[in-house]
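Counted the way my numbering counts, the sequence shown spans residues 6 to 348.
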Amino acid sequence: MVLQIQDLTIGYKTDKGIVKAVNKATLHVGKGKIVGVVGESGCGKSTMLFAIMGLLGKAGKILGGQILFNGKDQVGNTPAEWRKLRGKDISIIFQDPMSSLNPAHTVGRQIREVLKNHRIVKPEVKGWLRRRRLKKLEMERVCELMAEVGIPSPRERYHDYPHQFSGGMQQRILIAIALASEPQVILADEPTTALDVTIQAQILDLLKKINRERSTSIVLVTHDLAVASEFCDEITVMYAGYIVEQGTVREIIANPKHPYTQGLFKSIPRITEKKEKLEPIPGNVADLLELGEECPYFSRCPHANPKCLKFVEMIELTDQHRVRCVLYEGAGESRASEAGAVN
Numbered sequence: 006m007v008l009q010i011q012d013l014t015i016g017y018k019t020d021k022g023i024v025k026a027v028n029k030a031t032l033h034v035g036k037g038k039i040v041g042v043v044g045e046s047g048c049g050k051s052t053m054l055f056a057i058m059g060l061l062g063k064a065g066k067i068l069g070g071q072i073l074f075n076g077k078d079q080v081g082n083t084p085a086e087w088r089k090l091r092g093k094d095i096s097i098i099f100q101d102p103m104s105s106l107n108p109a110h111t112v113g114r115q116i117r118e119v120l121k122n123h124r125i126v127k128p129e130v131k132g133w134l135r136r137r138r139l140k141k142l143e144m145e146r147v148c149e150l151m152a153e154v155g156i157p158s159p160r161e162r163y164h165d166y167p168h169q170f171s172g173g174m175q176q177r178i179l180i181a182i183a184l185a186s187e188p189q190v191i192l193a194d195e196p197t198t199a200l201d202v203t204i205q206a207q208i209l210d211l212l213k214k215i216n217r218e219r220s221t222s223i224v225l226v227t228h229d230l231a232v233a234s235e236f237c238d239e240i241t242v243m244y245a246g247y248i249v250e251q252g253t254v255r256e257i258i259a260n261p262k263h264p265y266t267q268g269l270f271k272s273i274p275r276i277t278e279k280k281e282k283l284e285p286i287p288g289n290v291a292d293l294l295e296l297g298e299e300c301p302y303f304s305r306c307p308h309a310n311p312k313c314l315k316f317v318e319m320i321e322l323t324d325q326h327r328v329r330c331v332l333y334e335g336a337g338e339s340r341a342s343e344a345g346a347v348n
């Protein structure tokens, strides 16, 4: 595994106490795999990505667990160690390109900054010619990256500012920045939210191409289960800070187990001959400050029962499918006994 998150818990300090935005989350990302993280707003998806990048800020704190990159735990990194890792081995594509790009600098300069900070380009010449040669090679590499992500006339547009680009082109610039150091993992935090459907498809196709040609692992955060189903190899469903279901796309689509996952699928519009009424999930997301040991989905679940008032660990239904729900406790025990019988 390139990236492993083990029992990660993240809290934010508030006037009312510590809010656990992510609670005992475990996520594994293999080389060349695309993993989708799906859930409603406020369920902890983006917080988990920011923790991987060391971008939680002063308010956020990792309360427990590990973030393993190539087997090394990154929790407890110094600022210098985070700077060395961030943008080089792991890159992130933020949700809103207009607020992520610096309006005061040209896009070429902002892409080139990654090359300079991590010393990606290394000219063979030495001495006083090195600086001039380095700048030229970096500019050439930036133009190559701009062309690779589909920005036309890169040499002319190198000197343009972010406001001179459309939303889709701005998102391509962020992807070029993420690609500059040829990272092993790209974290995409809802990269298509502010774009129209056609541009969304183009951006996702571009990310898929990068994954296929470079074997770059991608973690895609999205609200759209349909997008995750089409784009990803594996899906992780989050709710109120907890991971409630994980599995391959085939497993999750064919046989969603958790009531929340089932509710998400029922909320997706379908084009069919027969008109079907959408079934939105009733109620609101639980207040994280008020959560105890009970299942966070308890107040909205149609199958809620007294057993749901205790904490439940993830239950392994198959090698490729796990769920956190008391409805499947027996399935986990039978699977364990079958494994023991085989051994």
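Ideal Cβ placement from N, Cα and C applies to all residues, glycine included.
- Of all alpha-carbon atoms in Gln11, Ser51, Val7, Gly16, the one lying nearest the alpha-carbon of leucine 225 is that of Ser51.
- Exclusion of the five residues before and after lysine 121 leaves Glu143 as the residues of its chain whose Cβ lies within less than 8 angstroms of its Cβ.
- The residue from Tyr265, Ile273, Leu90, Ser234 with its alpha-carbon nearest to that of glutamate 256 is Ser234.
- Take the alpha-carbon of proline 311 and the one of glutamate 298: they are about 12 angstroms apart.
- Going by DSSP, tyrosine 265 is part of the alpha helix (DSSP H) stretching over 264-271.
- Excluding sequence positions up to five before and after arginine 91, its CB lies within less than 7 angstroms of the CB of Met58, Gly59, all in the same chain and listed in chain order.
- Isoleucine 116 is not a Cβ neighbour of leucine 61, given a cutoff of 8 angstroms.
- Within a 10 Å sphere around the beta-carbon of glycine 70 sit 16 or more other beta-carbons, which makes this residue buried.
- Positions of the alpha helix (DSSP H) runs, each at least 4 residues long and wholly inside the region 122-210, are given as 134-153, 159-162, 172-184 in order along the chain.
- If the five residues before and after glycine 44 are omitted, its C-beta is found closer than 8 angstroms to the C-beta atoms of Lys50, His228, Val242, Met243, Tyr244, all from its own chain and listed in chain order.
- Assignment of leucine 73 by DSSP, reduced to helix, strand and coil, places it in the strand class.
- Taking leucine 179 as the centre and dropping the five residues before and after it, the same chain places the C-beta of Ile98, Phe99, Pro102, Ser105, Leu106, Pro196 closer than 8 angstroms to its C-beta, in chain order.
- Only residues of its own chain outside the window of five on either side were considered, and among them Leu230, Pro261 have a CB closer than 7 angstroms to the CB of phenylalanine 270, listed in chain order.
- Secondary structure of tyrosine 17 (DSSP, three-state): strand.
- By alpha-carbon distance to aspartate 238, the top candidate from Gly41, Leu8, Gly47 is Gly41.
- Between leucine 54 and aspartate 194 a beta carbon distance of about 5 angstroms is seen, short of the 8 angstroms cut, so the two are scored as contacting.
- Membership of serine 222 in the beta strand (DSSP E) is indicated by the continuous run 222-227.
- When DSSP states are grouped into helix, strand and coil, alanine 309 belongs to the coil group.
- Under the three-state reduction of DSSP, alanine 85 is assigned to helix.
- Proximity of the region 179-188 to the region 75-85 falls short of the contact definition, fewer than three beta-carbon pairs being nearer than 8 angstroms.
- Boundaries of the beta strand (DSSP E) harbouring isoleucine 23: 22-34, taken from the DSSP string.
- The alpha-carbon of glycine 155 is positioned some 12 angstroms away from that of lysine 214.
- Ranked by how close their Cα comes to the Cα of histidine 33, the residues Ile72, Leu8, Cys330 have Leu8 in first place.
- Inter-residue distance for histidine 263 and tyrosine 302 is about 10 angstroms (C-alpha atoms, whole angstroms).
- CA-to-CA, the gap between lysine 21 and histidine 123 works out to about 41 angstroms.
- For valine 249, the enclosing beta strand (DSSP E) starts and ends at 247-253.
- At a Cβ-Cβ threshold of 8 angstroms, serine 222 and glycine 37 count as neighbours.
- Put simply, the region 284-299 touches the region 23-30. At least three CB pairs are less than 8 angstroms apart.
- DSSP places serine 104 inside the alpha helix (DSSP H), whose first and last residues are 102-105.
- Burial state of proline 159 is buried, judged by a 10 Å Cβ sphere holding 16 or more other Cβ atoms.
- Classified as buried, isoleucine 320 has 16 or more neighbouring CB atoms from the shown chains inside 10 Å of its CB.
- Burial of glycine 113 is indicated by the presence of at least 16 other C-beta atoms within 10 angstroms of its C-beta.
- Here methionine 6 carries a coil assignment [DSSP, helix/strand/coil].
- Of the other Cβ atoms in all chains shown, fewer than 16 fall within 10 Å of the Cβ of arginine 136; this residue is therefore exposed.
- Separation of the CB atoms of glycine 246 and isoleucine 208 is rounded to 28 angstroms, and the pair is thereby denied contact status at 8 angstroms.
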